[in-house]
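Q: Mapping to numbering that gives the first Met the number 0: the sequence shown position 52 is 51, numbers consecutive. Provided herewith is a single structure, encoded as structure tokens, for subsequent inquiry.
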Amino acid sequence: MTYYEIATLKTVIFGAAKASDGLQDWLAAGKGRLLGAFGTDIGALNEVYLLRGFDSLDAMMAERERAIMSANPMGCMEHLVDLRFDSYKPFDFLAPVTPGSYGPVYEFRTYKAKLNGVAVTQEKWRAAMPARAAYSPLTIAMWGLDGAPRITQIWPYPSLAARAEARSQSVADGNWPAKGGPDWLTPEMTSTIAFPLPFSPLK
Numbered sequence: 000m001t002y003y004e005i006a007t008l009k010t011v012i013f014g015a016a017k018a019s020d021g022l023q024d025w026l027a028a029g030k031g032r033l034l035g036a037f038g039t040d041i042g043a044l045n046e047v048y049l050l051r052g053f054d055s056l057d058a059m060m061a062e063r064e065r066a067i068m069s070a071n072p073m074g075c076m077e078h079l080v081d082l083r084f085d086s087y088k089p090f091d092f093l094a095p096v097t098p099g100s101y102g103p104v105y106e107f108r109t110y111k112a113k114l115n116g117v118a119v120t121q122e123k124w125r126a127a128m129p130a131r132a133a134y135s136p137l138t139i140a141m142w143g144l145d146g147a148p149r150i151t152q153i154w155p156y157p158s159l160a161a162r163a164e165a166r167s168q169s170v171a172d173g174n175w176p177a178k179g180g181p182d183w184l185t186p187e188m189t190s191t192i193a194f195p196l197p198f199s200p201l202k
């Protein structure tokens with residue numbers, strides 16, 4: 000897959016479970032490949048993240064138009080408060096996202112890059128990821144096609160304790176962050192912990 004999209008559904012309180020049936024019907028009728036569906040637990044609450052892959056921008060935009068022009072976007076309008084779509088290309092050295100059981104703790108981290116920072120950050124990560132992946136795998140790292148220059152990464156962990164251990168040990172060993180990488184980022188960073196919904200291909 001050449002393009003990825005994260006759709007962020009802001010739901011009513013405890014809305015993820017209520018929206019799931021309609022959401023699954025909506026996704027089954029559309030374009031693209033569902034790779035992951037997650038409900039947030041730490042950070043931004045009452046949100047659902049849908050990670051989808053597309054082979055072309057045309058397919059991605061057609062699917063987005065379907066949602067924006069619908070009277071019942073995502074098949075769960077009664078449970079939605081807000082809806083946002085973010086488009087991405089993956090770092091060019093990473094393998095495509097492969098569904099499977101890697102979690103169940105998934106961390107979504109987004110860094111706003113300096114205006115000329117995305118390409119350099121990709122190169123820094125290219126050099127650093129073999130060593131970093133020895134501590135824990137990476138689902139995907141991507142740069143935004145729309146909005147401000149930014150990088151979004153998704154990391155799976157078997158537990159919050161495993162996340163803390165992998166992050167602290169990789170830093171202590173000098174293998175993370177990528178050397179010089181933070182120099183090309185701004186202080187605007189977010190992190191959210193989410194868990195797979197029952198129908199998510201990424202578990």
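Don't be surprised by glycine CBs; every beta carbon is placed ideally from N, CA and C.
1) Pull up the CB-CB distance for residue 192 and residue 40, whole angstroms please, since I reckon it's below 8 Å.
2) According to DSSP, what are the bridge partners of residue 105?
3) Which of the three DSSP states is assigned to residue 58 in this structure?
4) Based on the DSSP secondary-structure assignment, which residues constitute the bridge partners of residue 87?
5) Can you name the start and end residues of the alpha helix (DSSP H) that residue 127 belongs to?
6) So for residue 68, helix, strand or coil by DSSP?
7) Could you check whether residue 56 and residue 33 sit closer than 9 Å to each other, using their CB atoms as the reference points?
8) Per DSSP, what are the beta-bridge partners of residue 41 in this structure?
9) Going by other Cβ atoms of all chains shown within 10 Å of its Cβ, with 16 needed for buried, is residue 95 buried or exposed?
10) Which class does residue 21 belong to by DSSP, given the choice of helix, strand or coil?
11) When you compare only the Cα positions, how much space is there between residue 174 and residue 168?
12) Taking the beta strand (DSSP E) that residue 47 falls in, what are its first and last residues?
A: On the basis of the supplied data:
1) Mapped onto the sequence shown, residue 192 falls at position 193. Mapped onto the sequence shown, residue 40 falls at position 41. That belief holds up - the Cβ atoms of residue 192 and residue 40 are roughly 5 Å apart, short of 8 Å.
2) The residue you call residue 105 lines up with position 106 of the sequence shown. For residue 105, which the question treats as bridged, DSSP gives the partners 155, 193.
3) Numbered from 1 along the sequence shown, position 59 holds the residue referred to as residue 58. Correct three-state label for residue 58: helix.
4) Position 88 of the sequence shown, counting from 1, holds the residue named residue 87. Answer by DSSP bridge pairing, in chain order: 3, 143.
5) Taking the sequence shown and counting its residues from 1, the one referred to as residue 127 is at position 128. Start and end: 117-131.
6) Taking the sequence shown and counting its residues from 1, one reaches residue 68 at position 69. Coil, per DSSP.
7) Locating residue 33 in the sequence shown gives position 34, where the first residue counts as 1. Locating residue 56 in the sequence shown gives position 57, where the first residue counts as 1. Going by C-beta atoms, residue 33 is not nearer than 9 Å to residue 56.
8) As a working mapping, residue 41 is identified with position 42 in the sequence shown. Looking at the DSSP assignment, residue 41 forms a beta bridge with 192.
9) What you label residue 95 is simply residue 96 of the sequence shown in a count that begins at 1. Exposed, because fewer than 16 other Cβ atoms sit within 10 Å of the Cβ of residue 95.
10) Along the sequence shown, one-based indexing puts residue 21 at 22. Correct three-state label for residue 21: helix.
11) Here residue 174 refers to the residue found at position 175 of the sequence shown. Here residue 168 refers to the residue found at position 169 of the sequence shown. Distance between the alpha carbons of residue 174 and residue 168 is about 9 Å.
12) In the sequence shown, the residue the question calls residue 47 occupies position 48. Element bounds for residue 47: 46-53.
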